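Sequence lines, in order, name chains A and B. 12 is the number of the first residue of the first sequence in our numbering; add one for each residue after it. 639 is the number of the first residue of the second sequence in our numbering; add one for each residue after it.
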Amino acid sequence: MNYLLHLFIMISIYSILAMSINIITGYAGLLSLAHAAFYGIGAYTTTLMMIKLGINFFPALICGIIVTGLLSLAIGYPSLKLKGDYFVLTTIGFQIIIFSILYNWISLTRGPYGIPGIPRPSLLGHEVSSLPEYFVFSLIIALVVFIFVRLLANSPFSRALRAMRDDELAASAMGKDVFRLKICSIMVGSSLAAIAGALYATYVTYIDPTSFTLDESIFILTLLLVGGSGNLRGPIVGAIFMVLLPEALRFIGLPDTIAPNVRQIIYGLLLIILMRYRPQGLAGEYRFE
Amino acid sequence: MKDVPTILRLRNVTKWFGGLKAVDSVTIDFRERKITGLIGPNGAGKTTLFNLINGFLRPDSGEIYYRNIRIDHLMPWEIAKLGIGRLFQDVRIFRKLTVLENVLTGKPSHPGEALTPLLFSLHKVRKIEAHLLDEAHHWIEFVGLTGKEHAPAESLSYGQQKLLSLARLLVGGYDLLLLDEPTAGVNPVMAGKILDIIKKMVTEEGKTVIFIEHNMNVVVEIADWVYFLDEGKLAGMGRPQDILGDVNVRKAYLGI
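See below:
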């Protein structure tokens with residue numbers, strides 16, 4: 012039971028990450044490999060606020076969202092001039108810089124030693140400490156994010172983003188301020204990733220930089236592409252599928268000596284097959300070309 | 639023509655592409671509520687001129703004024719919001735959006751496209767959206783795409799995409815329309831209908847149209863005035879019937 016609750020909590024966290032990168036990559040068409048950096052900035056800011064200043068989870072989370080939103084301008088401004096592959100390279104650069112800072116600014120982040128003993132969130136004086144409670148808590152947060160993202164997705168804002176994704180020049184000739192649209196989508200998408208970071212930190216109660224690497228950014232992008240980008244269902248389908256797939260592979264009864272390696276191979280193979288036969292993702296309409 | 643007010647003024651506009659002078663010191667006054675044709679051989683700089691007017695390109699020298707506002711340093715979206723709309727030669731529809739979404743995107747200023755009104759005055763945004771929806775359905779019906787509202791735009795034929803791009807332009811409510819070969823690639827019946835729309839926009843709604851066209855019959859049918867461009871230079875102007883007698887034009891179009 013605890014094992015299942017743990018998986019559901021991870022699905023909530025990864026759903027938030029997939030929904031948030033969907034705004035940047037799915038709607039605005041900006042392929043980003045910096046999402047783990049924003050996830051990490053959110054996790055670290057919230058944690059440091061709670062531990063060093065002793066403030067409550069929610070105000071700390073709001074600080075995390077604001078700091079992440081502001082730092083996202085570092086990839087927001089290059090996105091105005093750079094397209095496609097060049098923008099991806101910028102995001103990789105940003106990802107690597109953030110990882111290095113988390114790893115080397117030891118006086119602030121304790122670097123590779125990580126930060127242990129992060130308090131669980133408390134609501135009206137009650138600490139959300141047990142696993143079932145935390146499961147409900149993470150589900151509610153994911154639901155709030157979903158409702159917010161749905162409001163955006165059904166709005167003229169999302170329509171303008173998707174128009175820009177399909178033809179930036181034509182959109183600009185139709186009065187769409189593409190600079191503002193890009194900056195807004197990046198700021199909103201990365202701010203939401205901070206929420207996932209805060210959830211992760213207070214769930215595991217320990218963070219270190221290795222949770223926020225380029226690998227993790229690739230994984231988050233994979234969630235989106237596997238699930239399907241540019242719509243509401245895709246990110247959630249992707250998060251569920253990608254969290255449960257490796258777990259499901261545990262139960263196929265491989266001999267212990269080769270199990271981990273074979274699981275990796277099957278996992279990789281399934282992804283290749285999926286992308287070959289369903290390039291738009293499991294629940295997607297839009298595909299990158 | 640001298641008594642008609644000017645809506646758009648180009649003053650010595652020049653644009654270089656590397657070593658090539660694509661537009662060479664062009665000075666033109668475009669008259670309000672008139673249909674003006676731009677003709678000339680391929681590579682004469684007609685589309686480049688449109689790109690300079692709607693802000694895709696910046697002139698290397700010269701000035702462009704729209705209703706006495708200098709626009710040659712503005713961004714395309716600022717120019718669109720001033721009231722200059724553009725129909726593209728290569729349609730440039732939003733392929734993954736539906737037909738209806740494409741037309742809805744045509745409005746140059748929509749508060750729902752910014753986050754603050756979306757989050758803090760949703761009611762107002764919804765009202766504007768509902769009104770825009772009515773307009774969009776009107777123009778979709780107008781160009782004969784009723785029933786295709788929810789089809790992805792990329793599933794339409796080229797001719798239908800052209801009509802869609804026209805509906806998307808007309809919903810914008812622009813005062814000055816730049817049309818790059820508006821009838822190319824559509825069937826004759828539809829082409830006739832598009833020309834009727836263009837004439838109606840000018841006579842009934844007081845719009846101004848500048849269009850690029852290779853089909854001389856179209857030019858003669860709708861243009862009030864024609865400018866002939868050749869190798870980036872303004873090489874002639876006049877009424878459509880007169881300019882067809884021009885030696886340079888005959889050489890460029892008829893080879894005689």
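Note that beta-carbon positions come from the ideal geometry of N, C-alpha and C, so glycine has one too. Remember, predicted model here, so these are calculated numbers, not experimental data.
Could you check the C-alpha separation between residue i and residue j for me, to the nearest Å?
i	j	result
leucine 134 (chain A)	asparagine 67 (chain A)	9 Å
serine 196 (chain A)	threonine 36 (chain A)	9 Å
isoleucine 77 (chain A)	serine 747 (chain B)	28 Å
tryptophan 863 (chain B)	valine 99 (chain A)	49 Å
tyrosine 88 (chain A)	leucine 72 (chain A)	25 Å
leucine 687 (chain B)	proline 820 (chain B)	16 Å
leucine 802 (chain B)	valine 737 (chain B)	7 Å
phenylalanine 167 (chain A)	serine 23 (chain A)	The sequence as given places proline at residue 167 (chain A); phenylalanine does not occur at that position. Whole-angstrom Cα-Cα distance: 27 Å.
isoleucine 677 (chain B)	lysine 786 (chain B)	34 Å
arginine 810 (chain B)	isoleucine 673 (chain B)	Correcting the residue type first, residue 810 (chain B) is glycine in the shown sequence and not arginine. The alpha-carbon atoms of glycine 810 (chain B) and isoleucine 673 (chain B) are separated by roughly 19 Å.
leucine 91 (chain A)	aspartate 710 (chain B)	20 Å
isoleucine 231 (chain A)	tyrosine 50 (chain A)	10 Å
valine 651 (chain B)	alanine 182 (chain A)	25 Å
proline 132 (chain A)	alanine 164 (chain A)	29 Å
leucine 294 (chain A)	glycine 744 (chain B)	Contrary to the premise, residue 294 (chain A) reads as alanine rather than leucine in this sequence. Approximately 28 Å between the Cα atoms of the pair.
lysine 653 (chain B)	isoleucine 103 (chain A)	37 Å
glycine 40 (chain A)	threonine 120 (chain A)	33 Å
serine 169 (chain A)	asparagine 855 (chain B)	42 Å
proline 839 (chain B)	isoleucine 206 (chain A)	In the sequence as presented, proline is not what sits at residue 839 (chain B); that position holds methionine. Roughly 51 Å separates the two Cα atoms.
lysine 837 (chain B)	glycine 844 (chain B)	10 Å
valine 847 (chain B)	threonine 644 (chain B)	12 Å
glycine 159 (chain A)	leucine 658 (chain B)	A small correction: the amino acid at residue 159 (chain A) is phenylalanine; glycine does not occupy that position in the sequence shown. C-alpha separation (whole angstroms): 51 Å.
tyrosine 217 (chain A)	lysine 94 (chain A)	37 Å
arginine 274 (chain A)	isoleucine 52 (chain A)	31 Å
valine 661 (chain B)	glycine 723 (chain B)	21 Å
isoleucine 860 (chain B)	leucine 192 (chain A)	39 Å
leucine 81 (chain A)	glycine 830 (chain B)	54 Å
leucine 210 (chain A)	alanine 805 (chain B)	47 Å
isoleucine 666 (chain B)	arginine 649 (chain B)	7 Å
phenylalanine 19 (chain A)	glutamate 739 (chain B)	36 Å
What residue does the alpha helix (DSSP H) around residue i start on, and which one ends it?
i	result
glutamate 739 (chain B)	737-742
glutamate 779 (chain B)	760-780
isoleucine 24 (chain A)	13-32
leucine 807 (chain B)	796-808
Is residue i buried or exposed, if buried means 16 or more other CB atoms sit within 10 Å of its CB?
i	result
glutamate 138 (chain A)	exposed
arginine 261 (chain A)	exposed
isoleucine 276 (chain A)	exposed
aspartate 868 (chain B)	buried
threonine 213 (chain A)	buried
asparagine 689 (chain B)	buried
leucine 725 (chain B)	buried
serine 141 (chain A)	exposed
aspartate 267 (chain A)	exposed
lysine 684 (chain B)	buried
glycine 883 (chain B)	exposed
aspartate 226 (chain A)	exposed
phenylalanine 146 (chain A)	buried
glutamate 258 (chain A)	exposed
glycine 693 (chain B)	buried
Locate the beta strand (DSSP E) running through residue i, then write down its first and last residues.
i	result
arginine 669 (chain B)	658-669
leucine 725 (chain B)	722-725
alanine 873 (chain B)	871-876
phenylalanine 694 (chain B)	It is not in any beta strand (DSSP E) - phenylalanine 694 (chain B) carries neither H nor E in the DSSP assignment.
threonine 644 (chain B)	644-655
isoleucine 582 (chain B)	With chain B running from 639 to 894 in the structure shown, residue 582 (chain B) is simply not present.
aspartate 818 (chain B)	814-818
glycine 675 (chain B)	673-677
Say the cut is 7 Å; is the CB of residue i nearer than that to a heavy atom of the ligand ADP?
i	result
glycine 40 (chain A)	In the structure on display, the ligand ADP does not appear, and there are no ligands present to speak of.
| request: Flag this pair as touching only if the region 702-720 of chain B and the region 871-883 of chain B have three or more C-beta atom pairs under 8 Å; answer yes or no. | output: no
| Should the region 277-286 of chain A be regarded as contacting the region 785-803 of chain B, the criterion being three or more beta carbon pairs within less than 8 Å? | no
| message | Within 8 Å, do at least three Cβ pairs link the region 762-772 of chain B to the region 849-867 of chain B? | response | no
| message | Runs of 3 residues minimum, wholly inside the region 835-865 of chain B: which ones carry the beta strand (DSSP E) assignment? | response | 846-850
| said: Threshold first: 4 residues or longer. Then list the alpha helix (DSSP H) segments lying entirely within the region 48-120 of chain A, N to C. | reply: 68-82, 84-92, 95-115, 117-120
| message | Under 8 Å: do the region 22-40 of chain A and the region 234-244 of chain A share three or more Cβ pairs, one atom per stretch? | response | yes
| said: Three or more C-beta pairs under 8 Å: does that hold for the region 722-734 of chain B against the region 169-178 of chain A? | reply: Cβ pair count under 8 Å is three or more, so yes.
| task | Please confirm if the region 814-826 of chain B is in contact with the region 775-784 of chain B, defined as three or more CB-CB distances below 8 Å between the two stretches. | result | no
| request: Indicate whether the contact test is met: 3 or more Cβ pairs, each with one atom in the region 54-64 of chain A and one in the region 248-259 of chain A, closer than 8 Å. | output: no
| request: Jot down the residue ranges of each uninterrupted alpha helix (DSSP H) in the region 118-168 of chain A, minimum 4 residues, whole runs only, in chain order. | output: 142-164
| task | Answer yes if the region 217-233 of chain A comes into contact with the region 109-128 of chain A, meaning at least three C-beta pairs across the two stretches below 8 Å, and no otherwise. | result | yes
| field | In chain order, each alpha helix (DSSP H) run of at least 4 residues that lies wholly inside the region 183-271 of chain A | value | You should have 189-215, 225-238, 244-260.
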